[in-house]
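Residue numbering for the sequence shown follows this note's numbering, starting at 1 and increasing by one per position. Yeah, the Cβ is synthetic: ideal placement off N, Cα and C, and Gly gets one too. I have placed the structure first, in the form of structure tokens, so that the comments after it can refer back to it.
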Amino acid sequence: MAAIQGFEHRKRTFLSKCDKSSAGEIDEKAREICAELNGRPAFFTTSSCAGRAFIWRGDGVKSTECFSRWRVTHDLVEDARAYFDLATLDETVEGNDVSEQAPSFWTQALLRLASLCTWCQSSRPGWRGRKHQRQERAEVADKRLLESDAVYWLRFEPFILHVCCRDLVAAAALMAAARRVFKNVGLQGFDSSKLIVAIWGDEGLDMPLTNPDGWPLFQGEHVWLQSLVNSRHQRNWGKIDRFTAAVREMEEPVPSAELEPTGEAERELRHFDVVGDVAIVNVKPKEDLATTHIEFGVRMIIDLDACFFSPRLAGERQRLCQAVQPGEKILVAFAGCGPEVLQLLAHTEASQIAVVELNGAAVKCLQRSLQMIRGEEGPEGRACLEVLEGDIRQVASHFPRGHFQRILAPRPKNPGDGDLEQGDGGVEFLQALVPLLADGGVCHWYDFAADWELPACKRTCNILNTECMTLGLSCKVLRVAAANRRTIAERQYRVVADFQVSKS
């Protein structure tokens, strides 16, 4: 109850403050969704933008001094010739919500230089106060500006919304409603005051309007540029309307007493993962945790109650995809619910992908994900795919020796794995997998190591060398590193060793 009252107090305090945005008010197209959320007891909005277009030049980051923008508009571009005429950037374009225009880059540079000269003449020798520091920063920005190229850009920033949620139940409900419309939905922070759902639109645009010498790239194409901006505005507004309708259909989240930890429990819950619409914390839920997770644009079905999945390995999966060469034949052992498989299908040109997994529930998740992909995009252009359910030690005989150019082996942790040297380090799996590698083939082998073993991981490397030698093959360890920065247990890491085999 105290947590709910605290949230209500923060909501009243935040919404009573003045709007600090440059416009001083919520964008017209975002007012309806903000009013809908702020009218519900479990939410309040902290920032929003309904989408805007503008012309810019500089570093591309608004928080830096070497950046200027012109003709910021949250509405449709009515006069294409006036809006995209770069020769008149210092002038105000009527009817496009751009009554306040920044001076041109060169005007700003001259003003700053003149201000700097005046200050230098009147300042005391040796004095280096805050004013001097500001002048120095301006001088550096001017120098960078003079050295930069003359490229002007057109940018469209889509809808963005940040919503503070009362608890994880409310956050999950809002994320589910948002994902009906938007691809980019995330959860930021986790404590009693910073449980924020961030929603980003996907209609963004950044394109150059001039070459580095300042010459226009689209001379006479003002109407085409106008259509690019206006079509994005209209699609963006349509998605905001659909999101508003989804929120109205959303049932009011019930406060979750289970997720109001204090003391030690609160400290334990500060680290968590978000998979799809599920936040994984140290609270065992009563219902099944099946969800749709999106990783690098790839949708996948995850049953968290039946199989292992970690979003923290997303970067590692991306690294594996970047290593794959066109036409490779790949074996994915210990595939689980198939995150590596789905990424390989979406982001590589492998000719064949064979998949082996013992867990039947995980295989069903992968099959559902594959059906979803085929329904959305069709099977054209995909690698030849074969999914086998079973133990890799028995299934390996299904494949001819030396058949694969690459093997992924993200094996699960078994009792005794790690520096305790009580397990066999997965030797049986190595004996089944290594013979399937072609001459010069690469295996990505996952093991478990203590922090003191990093970065060399000599124990893991010795096991690989020994088993390859037993099979009459040479082993070259190409890379060994922690798969991610987080520990899987106290001072224990999941590590990956990339090794290449060749005939002795």
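From residue 501 to residue 320, what distance separates their C-alpha atoms? Residue 501 sits at position 501 when you count from the first residue of the sequence shown. Residue 320 sits at position 320 when you count from the first residue of the sequence shown. Straight-line measurement puts the Cα of residue 320 at about 18 Å from the Cα of residue 501.
Closer than 6 Å by C-beta to residue 408: which residues in its own chain qualify, once you throw out the five before and the five after it? Chain order, please. One-based indexing of the sequence shown puts residue 408 at position 408. If we look at residue 408 and ignore the five residues flanking it on each side, its Cβ neighbours are 332, 340, 444.
Using the DSSP secondary-structure output, state which residues sit across from residue 47 in a beta bridge. The residue given as residue 47 occupies position 47 in the sequence shown. Per DSSP, 162.
Flag this pair as touching only if the stretch 427-436 and the stretch 478-493 have three or more C-beta atom pairs under 8 Å; answer yes or no. The count of Cβ pairs closer than 8 Å, one atom from the stretch 427-436 and one from the stretch 478-493, stays below three, leaving the stretches out of contact.
Residues bridged to residue 498 (per DSSP): Position 498 of the sequence shown, counted from the first residue, corresponds to residue 498. Residue pairing for residue 498: DSSP places it in a beta bridge opposite 444, 479.
So, are the CB atoms of residue 353 and residue 385 less than 8 Å apart? As a working note, residue 353 is residue 353 in the sequence shown. As a working note, residue 385 is residue 385 in the sequence shown. Yes, the pair counts as a contact, with Cβ atoms nearer than the cut-off.
Pair every Cβ in the stretch 296-313 with every Cβ in the stretch 323-332, then say whether three or more of these pairs are closer than 8 Å. Contact fails: fewer than three Cβ-Cβ distances are below 8 Å.
Nearest to residue 370 (by Cα), restricted to the options 302, 398, 430: Start at 1 with the first residue of the sequence shown, and residue 370 comes out as number 370. Nearest of 302, 398, 430 to residue 370, Cα basis: 302.
Residue of 357, 428, 248, 227 minimising C-alpha distance to residue 468: Locating residue 468 in the sequence shown gives position 468, where the first residue counts as 1. Taking only the C-alpha atoms, the option nearest residue 468 is 428.
Measure the Cβ-Cβ separation of residue 173 and residue 195 and say whether it is below 8 Å. For the purposes of this step, residue 173 is taken as residue 173 along the sequence shown, with counting starting at 1. For the purposes of this step, residue 195 is taken as residue 195 along the sequence shown, with counting starting at 1. 8 Å or more divides the Cβ of residue 173 from the Cβ of residue 195.
Quick one: residues in its chain with C-beta nearer than 7 Å to the C-beta of residue 577, no 5 flanking neighbours on either side, listed in chain order? Given a span of 1 to 504 for the chain in the structure shown, any question on residue 577 remains unanswerable.
Determine which residues share a DSSP beta bridge with residue 503 and list them. Locating residue 503 in the sequence shown gives position 503, where the first residue counts as 1. In the DSSP output, where bridge partners are listed per residue, residue 503 has 473.
What would DSSP say about residue 404, mapped onto helix, strand or coil? The residue you call residue 404 lines up with position 404 of the sequence shown. DSSP places residue 404 in strand when its eight states are reduced to three.
Taking residue 204 and residue 156 to be in contact with their CB atoms under 8 Å, please state how far apart those CB atoms are, rounded to whole angstroms. The count along the sequence shown starts at 1 and reaches residue 204 at position 204. The count along the sequence shown starts at 1 and reaches residue 156 at position 156. With a Cβ gap of about 6 Å, residue 204 and residue 156 count as contacting.
Would residue 350 be called buried (16 or more neighbouring beta carbons within 10 Å of its own) or exposed? Position 350 of the sequence shown, counting from 1, holds the residue named residue 350. Buried, since its Cβ has 16 or more Cβ neighbours within 10 Å.
Please name the residue in 38, 304, 364, 483 whose C-alpha comes closest to that of residue 10. As a first step, residue 10 must be located in the sequence shown, where it is residue number 10. Comparing Cα-Cα distances from residue 10 to each of 38, 304, 364, 483, the minimum goes to 38.
Which two residues bound the contiguous beta strand (DSSP E) that contains residue 37? Working through the sequence shown from its first residue, we reach residue 37 at position 37. Looking at the DSSP string, residue 37 is not in any beta strand (DSSP E); the run it does join, the alpha helix (DSSP H), is 31-38.
What do you reckon, are the CB atoms on residue 54 and residue 40 nearer than 8 Å? Against the sequence shown, residue 54 aligns to sequence position 54. Against the sequence shown, residue 40 aligns to sequence position 40. No, they are not a contact pair.
Quick check for students: name the residue ranges of the beta strand (DSSP E) that lie wholly in the stretch 288-336, counting only runs of 3 or more. 290-295, 298-303, 329-332, all fully within the stretch 288-336.
What three-state label does DSSP hand residue 199 in the structure shown? Within the sequence shown, numbered from 1, the residue matching residue 199 stands at position 199. Under the three-state reduction of DSSP, residue 199 is assigned to strand.
In whole angstroms, give me the CA-to-CA distance for residue 247 and residue 34. As a first step, residue 247 is located in the sequence shown; it is residue number 247 there, counting from the start. As a first step, residue 34 is located in the sequence shown; it is residue number 34 there, counting from the start. So the alpha carbons of these two residues sit roughly 11 Å apart.
Helix, strand or coil at residue 152 [DSSP, three-state]: As a first step, residue 152 is located in the sequence shown; it is residue number 152 there, counting from the start. Residue state for residue 152 is assigned as coil, using DSSP reduced to three classes.
Residues in the same chain with beta-carbon distance under 8 Å from residue 216, minus the five sequence neighbours each way, listed in chain order, please. Taking the first residue of the sequence shown as position 1, residue 216 is located at position 216. Excluding residues within five positions, the ones whose Cβ falls inside 8 Å are 86, 209, 210.
If we ignore side chains and look at the alpha-carbon of each, how far apart do residue 465 and residue 292 end up? Against the sequence shown, residue 465 aligns to sequence position 465. Against the sequence shown, residue 292 aligns to sequence position 292. Their Cα atoms are separated by approximately 40 Å.
Return the chain-ordered list of same chain residues with a C-beta closer than 6 Å to the C-beta of residue 255, the five sequence neighbours on each side being excluded. As a first step, residue 255 is located in the sequence shown; it is residue number 255 there, counting from the start. Within the same chain, residue 255 has close Cβ partners 4.
Taking the alpha carbon of residue 414 as the point to measure from, which residue in 318, 489, 344 has its own alpha carbon closest? Taking the first residue of the sequence shown as 1, we reach residue 414 at position 414. Ranked by Cα distance from residue 414, the options 318, 489, 344 are led by 489.
Using a Cβ-Cβ cut-off of 8 Å, state whether residue 417 counts as contacting chain D. In the structure shown, chain D does not exist; there is a single protein chain.
Rounded separation between residue 80 and residue 181 - CA only: Within the sequence shown, residue 80 is the residue found at index 80, counting from 1. Within the sequence shown, residue 181 is the residue found at index 181, counting from 1. Rounded to whole angstroms, residue 80 and residue 181 show a C-alpha spacing of 30 Å.
Could you pull the DSSP bridge partners for residue 55 from this structure? Numbered from 1 along the sequence shown, position 55 holds the residue referred to as residue 55. Beta-bridge pairing by DSSP links residue 55 to 70, 154.
Nearest-angstrom Cα distance between residue 46 and residue 253? The residue labelled residue 46 in the question sits at position 46 within the sequence shown. The residue labelled residue 253 in the question sits at position 253 within the sequence shown. C-alpha separation (whole angstroms): 19 Å.
Contact set for residue 506: own chain, Cβ-Cβ below 8 Å, skip 5 residues either direction: The first residue shown for the chain is 1 and the last is 504, placing residue 506 beyond what the model contains.
Nearest-angstrom Cα distance between residue 330 and residue 440? On the sequence shown, residue 330 is found 330 positions in, with the first residue counted as 1. On the sequence shown, residue 440 is found 440 positions in, with the first residue counted as 1. Whole-angstrom Cα-Cα distance: 13 Å.
Buried or exposed, going by whether 16 or more other CB atoms sit within 10 Å of the CB of residue 127? Here residue 127 refers to the residue found at position 127 of the sequence shown. Low local confidence applies: a pLDDT of 42 at residue 127 is under 50, so the model's placement there is unreliable, and no value is given.
Name the residue from 363, 497, 356 whose alpha carbon lies nearest to the alpha carbon of residue 306. If you number the sequence shown from 1, residue 306 lands on position 306. Across the set 363, 497, 356, the C-alpha of 363 shows the shortest separation from the C-alpha of residue 306.
In the DSSP assignment, what residue or residues form a beta bridge with residue 453? Against the sequence shown, residue 453 aligns to sequence position 453. According to DSSP, residue 453 bridges with nothing at all.
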